[in-house]
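K.L.:
Quick note, this note's numbering runs 1384 ahead of the 1-based positions in the sequence shown. Starting off with a structure, shown below.
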Amino acid sequence: MPEHYYLGLTKAQYQRILSEVPRLSNKHRGSFALAAYLMKLRTGDSDERMSALLQVPRSTLERHMNMAREILNQDFVPRNVGINHISRRNSSNGLYGGEARSPIIIADGTYIYIEKSSNYLYQKKTYSLHKYRNLVKPFLFVCSDGYNIDILGPYSATTSDADIINNEFGDESSALRQYFEPGDVFILDRGFRDSLPLLERCGYQVHVPLSPEDGESQLSTRDANKSRAVTMCRWVVEVTLL
């Protein structure tokens, strides 16, 4: 069995995370708490089964996982996830090839499949008529090199990608509107078509695969090549989602 089977991380990666959260590593059994929490995220096993595997009482396991989650949310997540974890100046220098270049952002939603719920309202919101399964949707903003700028959500299965963009960018005072500037580049898929007018009004450069015009059976050679270029640029977000 590979070393990352239960945690999704190698020993070196696990030790790196632990070293970046000294408040957790200095706690009694802090290393165990982090391992148990990562195992929970990785496997989704019940607390009862995990307590049997780790040979600790269930109440002890739950207390340690709660401690790890709270400390990670306070100390680790703000430094590594979200638009506030890296300044625009630093991101432009480190990720886009220099301050003069506009950021190139690839946005997309993905799926996390979940079990059916006995709660009718929750079941209704999480059932996808597209996938025929229950799911929730995290939404990612990814750089052209695969670096995650921000992860939003999770949203209900009935929320479209265009609705998410409209909700997040519709308010001029929103964090995303304050972070991105006119001239920034967004590479999207056709599912964002209802949000394109808003993004263009914000002054962003938007690129999406083209669709045939009314009465046309296929794209012209030029338009087809443009669409392929957009699709090729979007592969990094697909890799990030795996």
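Yeah, the Cβ is synthetic: ideal placement off N, Cα and C, and Gly gets one too.
#1: Buried or exposed: where does D1529 fall if 16 or more other Cβ atoms within 10 Å of its Cβ makes it buried?
#2: Could you say if the region 1537-1554 and the region 1487-1502 meet the contact criterion of at least three C-beta pairs nearer than 8 Å?
#3: If I measure Cβ to Cβ from R1453 and keep anything under 8 Å in the same chain, skipping five residues before and after, which residues do I get?
#4: Is the separation between the beta-carbon of T1542 and that of K1500 shorter than 8 Å?
#5: Mapping DSSP to helix, strand and coil, what is F1553?
#6: Select from I1488, M1423, G1567 and R1517 the residue whose C-alpha is nearest the C-alpha of C1586.
#7: Would you call A1419 buried or exposed, if buried means 16 or more other Cβ atoms sit within 10 Å of its Cβ?
#8: From D1459 to D1555, what distance separates their C-alpha atoms?
#9: Indicate the three-state DSSP secondary structure (helix, strand or coil) for K1450 in the structure shown.
#10: Closer than 6 Å by C-beta to S1435: which residues in its own chain qualify, once you throw out the five before and the five after it? Chain order, please.
#11: Looking at the secondary structure, which residues open and close the alpha helix (DSSP H) in which F1416 lies?
#12: My output table needs one value for Q1589: the three-state DSSP class, helix, strand or coil.
#13: Between which two residues does the beta strand (DSSP E) containing V1569 stretch?
#14: Within a Cβ cutoff of 8 Å, which residues of the same chain sit near Y1398, ignoring the five residues on either side of it in sequence?
#15: Using the Cβ count rule (16 or more neighbours within 10 Å means buried), how would you classify H1514?
#16: Which stretch, first to last residue, makes up the alpha helix (DSSP H) that contains N1532?
#17: Three-state secondary structure (DSSP) at P1487?
#18: Just checking my contact of V1590 with E1597 at CB under 8 Å: how many whole Å lie between their CB atoms?
P.N.:
According to the structure data:
#1: In the sequence shown, residue 1529 corresponds to position 145, counting from 1. Exposed is the call here.
#2: With the cut-off at 8 Å, the region 1537-1554 and the region 1487-1502 touch.
#3: As a position in the sequence shown, residue 1453 is number 69, starting the count at 1. Excluding positions up to five away in sequence, the list reads Y1421.
#4: Taking the sequence shown and counting its residues from 1, one reaches residue 1542 at position 158. Taking the sequence shown and counting its residues from 1, one reaches residue 1500 at position 116. No; because the gap between Cβ atoms is not below 8 Å, this pair is not in contact.
#5: Residue mapping note: residue 1553 aligns to position 169 of the sequence shown, counting from 1. DSSP places F1553 in helix when its eight states are reduced to three.
#6: Residue mapping note: residue 1586 aligns to position 202 of the sequence shown, counting from 1. Out of I1488, M1423, G1567 and R1517, G1567 has the C-alpha closest to the C-alpha of C1586.
#7: Stepping through the sequence shown from its first residue, residue 1419 is reached at position 35. By the neighbour-count rule (16 or more Cβ atoms within 10 Å), A1419 is buried.
#8: Locating residue 1459 in the sequence shown gives position 75, counting from the first residue. Locating residue 1555 in the sequence shown gives position 171, counting from the first residue. Going by C-alpha positions, D1459 is about 29 Å away from D1555.
#9: Within the sequence shown, numbered from 1, the residue matching residue 1450 stands at position 66. The question names Lys, but residue 1450 is Asn in the sequence shown. The answer is helix: DSSP assigns N1450 an H, G or I state.
#10: As a first step, residue 1435 is located in the sequence shown; it is residue number 51 there, counting from the start. Cβ contact annotation for S1435 (same chain, cutoff 6 Å, sequence separation greater than five): R1442 and L1445, in chain order.
#11: Indexing the sequence shown from 1 puts residue 1416 at position 32. Per DSSP, F1416 belongs to the alpha helix (DSSP H) from G1414 to T1427.
#12: Locating residue 1589 in the sequence shown gives position 205, counting from the first residue. The three-state secondary structure of Q1589, taken from DSSP, is strand.
#13: As a position in the sequence shown, residue 1569 is number 185, starting the count at 1. It spans V1569 to I1571 - the beta strand (DSSP E) in which V1569 sits, taken as one unbroken run.
#14: As a position in the sequence shown, residue 1398 is number 14, starting the count at 1. Excluding sequence neighbours, Y1398 sits near L1391, L1418, A1419 and L1422.
#15: Looking up residue 1514 in the sequence shown gives position 130. When all chains shown are included, H1514 counts as exposed.
#16: As a working note, residue 1532 is residue 148 in the sequence shown. Element bounds for N1532: not the alpha helix (DSSP H) but the beta strand (DSSP E), N1532 to S1540.
#17: In the sequence shown, residue 1487 corresponds to position 103, counting from 1. In the three-state reduction of the DSSP assignment, P1487 falls in the coil class.
#18: By 1-based counting over the sequence shown, the position of residue 1590 is 206. By 1-based counting over the sequence shown, the position of residue 1597 is 213. Contact check for V1590 and E1597: beta-carbon distance about 18 Å, past the 8 Å limit, so the pair fails to qualify.
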